[in-house]
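*Asks:* Position 128 (the first sequence) corresponds to 115 in our numbering; numbering is contiguous. A virtual CB, placed ideally from N, CA and C, is assigned to each residue, including glycine. From a predicted model like this one, the values you see are computed outputs, not experimental measurements. So that we are looking at the same thing, I have put the structure below in structure tokens.
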Amino acid sequence: MNRLPSSHEDEELSHGGSAPPCKKLRLTKEQSRLLEDSFRQNHTLNPKQKETLAEHLMLRPRQIEVWFQNRRARSKMKQTEMECAYLKRWFGSLTEQNNRLHIEVEELRAMKVGSSTMTSTSSLTMCPRCERVTTAAIPSMAVVDVPAKKLMIPPQEREH
DNA sequence: TCCATACTTAGACTTACGTCA
DNA sequence: ACTGACGTAAGTCTAAGTATG
């Protein structure tokens, strides 16, 4: 069932035969499908479930056990890869946002230079918490709002 | 079309660690 | 506190499958 046509020896072994350890087998599509279904329902199996599944698929319980171990590991690896890719995208978007804000600060400083009566342009600072540009000397005097839509928080993150 | 080779996938094993009786 | 059985994660090996020139 779970074996290449050339060898029914391994097939017997995969069912718990007494011969020496069998060579690596490939599961059939049907076996893989059922295992995947089972994995979707539960990522771990209790001994009874393992036994039942093994019987149903005509595999040794140990094979079921190993399959689930590998499946969990690969599932975790895939999840990590996805998270990594997501964080990279987010980092890119934050960098972009940061660059734009720096440009904006420079523009505002330039504007300040133009209006002679105001405080020194070097006193303009960006509050890291509220994302507003303020004059450090007299904070109450000049507060420039950065529209909330400019904060490029990825949708996935906003949900949480 | 066939073949050799490189690369990928997945079954199996080993080891280390945590939990529990 | 110690011990053995058991389950799991992480790392690794390697046969089998696939892509490529």
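What is the rounded straight-line gap between the Cα of Arg47 and the Cα of Met64?
*Replies:* Going by the C-alpha atoms only, they are around 26 Å apart.
*Asks:* Counting pairs of beta carbons, one from the segment 15 to 33 and one from the segment 51 to 65, are three or more of them closer than 8 Å?
*Replies:* At 8 Å Cβ cutoff, the stretches touch.
*Asks:* Contact between the segment 34 to 46 and the segment 14 to 21: three or more CB pairs below 8 Å?
*Replies:* Touching, per the Cβ criterion.
*Asks:* Using only alpha-carbon positions, find the residue among Lys16, Cys71, Arg61 that is nearest to His30.
*Replies:* For His30, the nearest C-alpha among the options comes from Arg61.
*Asks:* Does DSSP classify Thr15 as helix, strand or coil?
*Replies:* Coil at Thr15, not helix or strand.
*Asks:* I need the straight-line Cα distance from Gly79 to Glu91, nearest angstrom please.
*Replies:* Each residue's alpha carbon lies about 18 Å from the other.
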